[in-house]
Structures are given as C-alpha cells and as structure tokens.
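Numbering (the working numbering), first residue to last: 18 to 355.
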C-alpha cells in the first residue's frame, strides 16, 4: 500500500485534476448587509459582527444560522426554552446532527429526553433565538415552550411559613416574620414541590509572591435543608416551608423527631386534604441537569488582608455557592406548566 502512495505522489498533475481548494466560506451575493453599519456579514449570524445589531436574514435561512449562545448575567432577563414532559424517548441521529450544526448541546437534549421530565434546555437572550430553538425541536417532534425569566421571578422569594393550620375546607398559612396569615380554600392549592437548598463555602487565605498566588489555608463547609414550595391560585409568589423554624404541630400525633420525616408526612397530608394539588418530588433527581442551564449562584466575599508576620499581609476570601435561585426557578416552572 505504501508503494501505491509513493506512486500517486510522484504522478504528474493532470489538466483534469481539481487542484483548486473548495470554497469554505460564503460568496459576496450570500453575505447579509447590516442595516445599521452597512457592513457585510456571513448569512449564518443573527447579529452584526461589527456593531452587534440584529441582521435581517433572507426568509428560510434560519436553519443555517449558528447560535452564539452565552451564559447570561444574573441581572439579565432571558428566555428559557423548556422541554415538556415526554415518554422517556431517545434522540434521533438527524436531530443530534442538527443540534450540533447550530450550536445546541445534543448531549444535554438526549439526557433531558431520557429523563422524561420537564426541564430547561437552553436560556437565550432574545425572542429570535428562542423561536429558532423551538422551531428546530418542533422539526424533531419535540414539544417545547418558552418561559421568560420575568414569569419565573426567581428574585422574589416565596413567603416563608412558620406554621400551617388545616380548617374545615380551608388551609391557613402563617408567615415566619410577623403574624400575617393567608387563608385559602383547599381546592385553591395547585402545586407542592419538594426540594433541597444546598450551600457550600470555601474559606481561603492566599499570598502573592513574585507574581504567583499561593494558597496558604483552605477550609470547606456545606449545609443542606429540605424545603417545600406551595402554590395556590391568586398568590403567585407562593409559600415556602423549611425544615428549620417550622412548627409541625399540624401533624398532631404523627409528628416525629426528625424534621425531614415530618416534611414528608406534611406533603402526604396536603395530598389528602387538597385533592386538586399536584405533588412533585423530582428536583433532587434532576438537579445535575438543571446545573447545566440554571447554574448555582456563586459569589466571592473578600475578608481583607490578614497579618501573618512582620511586614507580611495575606489576603483572605470566602467563596459561596448556593442553589436557592435555581430551585425557585424550578418550582415556579412546574407551577407554570401545570
């Protein structure tokens, strides 16, 4: 076989041979002109490469568009493409190739479909991008909807509860702070979502020497707490029951010593007393998939300089990670899809 290669390399070039490279870009006629700055752009872009204005692309060219997805900042209001519940299906090869060609995560889509749960697939910054993603999924027979961050309002936390009292055909919620009470008919309770709030902290002390940063000390702590979010008609923020600081006296003789067990008993009691309420326990199972789209919040707090010797100052900081906003998004997404 090596002799054949050498023979082909030494063969003279024929006039019929195609020695010119194939075109890998776009012709001048195919380029899209920006309406703001007038410069030419590739037809597979949604925004101008030069001034970031949206491009007016020819009808039918959106399939060839490659999405330039980025992680949105916390303060930005994005749009979430949510894949509805399905019957645990697998991704088709053609759909996988299409996702990869436009910049979507085919591996994540495959995991979401295999889970059978309603989960966010991608968070984008514009209606145009969300329409393209929904259109691609629709071509593959995948049902998806768009839910905006403004509809989830994860920056507004549910009302924390101190206690619950079951009345005749009604349920009374008492807020943790103050004596405010909220009374709802049991038929108004729509959804209850079981979740877990996890917070981890890493405290570190570093020293900078000769342009290099060296970690001198590091310690890590972690805590978790089970919570239940309850949603009723006419109260959009919802109510939150934590395992700490909540009075489980509503369980009567069923009240146990462990708060986690009491929370599960309370869920079953809500299921009996509120027959129209849906109970969801899927958060912990789906948390790893949620991390890929709705990342946990990470913050760094500087603890300032610390003296460690004569003339030496070391810098201390605390890195905190928590999933509070992520779970709030998830519970409200489920309520929105109900």
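All residues carry an ideal CB built from backbone N, CA and C; glycine is no exception.
What are the boundary residues of the beta strand (DSSP E) that residue i is part of?
i: residue 151; result: Per DSSP, residue 151 belongs to no beta strand (DSSP E); it is in the alpha helix (DSSP H), 144–156.
i: residue 216; result: 206–226
i: residue 254; result: 252–259
i: residue 243; result: 229–249
Using the beta-carbon count (16 or more within 10 Å), is residue i buried or exposed?
i: residue 67; result: exposed
i: residue 359; result: No statement about residue 359 is possible, as the shown extent of the chain runs from 18 to 355 and does not include it.
i: residue 322; result: exposed
i: residue 311; result: buried
i: residue 350; result: buried
i: residue 22; result: Because residue 22 carries a pLDDT of 45, less than 50, the predicted location of this residue cannot be relied on, and the following value inherits that uncertainty. Per the 10 Å Cβ criterion, exposed.
i: residue 212; result: buried
i: residue 249; result: buried
i: residue 80; result: Only weak support is given to the placement of residue 80: the predicted model assigns it a pLDDT of 43, under 50, and the question is left unresolved by the model.
i: residue 99; result: buried
i: residue 50; result: exposed
i: residue 358; result: The structure shown has nothing for residue 358, since the chain only spans 18 to 355.
i: residue 246; result: buried
i: residue 320; result: exposed
i: residue 173; result: exposed
Have a look at the DSSP bridge pairing and note the partners of residue i.
i: residue 96; result: 141, 165
i: residue 324; result: 330
i: residue 131; result: Paired residue(s): none; residue 131 is not in a bridge.
i: residue 136; result: 100
i: residue 336; result: 219, 317
i: residue 264; result: 180
I need the boundaries of the alpha helix (DSSP H) containing residue i, first residue and last residue.
i: residue 66; result: Counting along the chain, residue 66 falls outside any alpha helix (DSSP H), and DSSP gives it neither H nor E.
i: residue 281; result: 276–290
i: residue 351; result: 341–354
i: residue 295; result: Note, residue 295: premise wrong, no alpha helix (DSSP H); beta strand (DSSP E) at 295–297.
i: residue 111; result: 110–119
i: residue 303; result: 300–307
So residue i and residue j are in contact, right, with Cβ under 8 Å, and what is the actual spacing, rounded?
i: residue 187; j: residue 214; result: Contact flag wrong, Cβ pair sits at about 29 Å.
i: residue 133; j: residue 86; result: The Cβ separation is near 25 Å, so there is no contact.
i: residue 306; j: residue 169; result: That pair is no contact at about 17 Å.
i: residue 217; j: residue 237; result: 7 Å
i: residue 97; j: residue 161; result: Going by Cβ atoms, the distance from residue 97 to residue 161 rounds to 10 Å, so no, they are not a contact pair.
i: residue 314; j: residue 342; result: 6 Å
i: residue 180; j: residue 266; result: 7 Å
Self-check item: Whole beta strand (DSSP E) elements within the region 176–207, 3-residue minimum
Solution: 176–183, 187–192, 198–202
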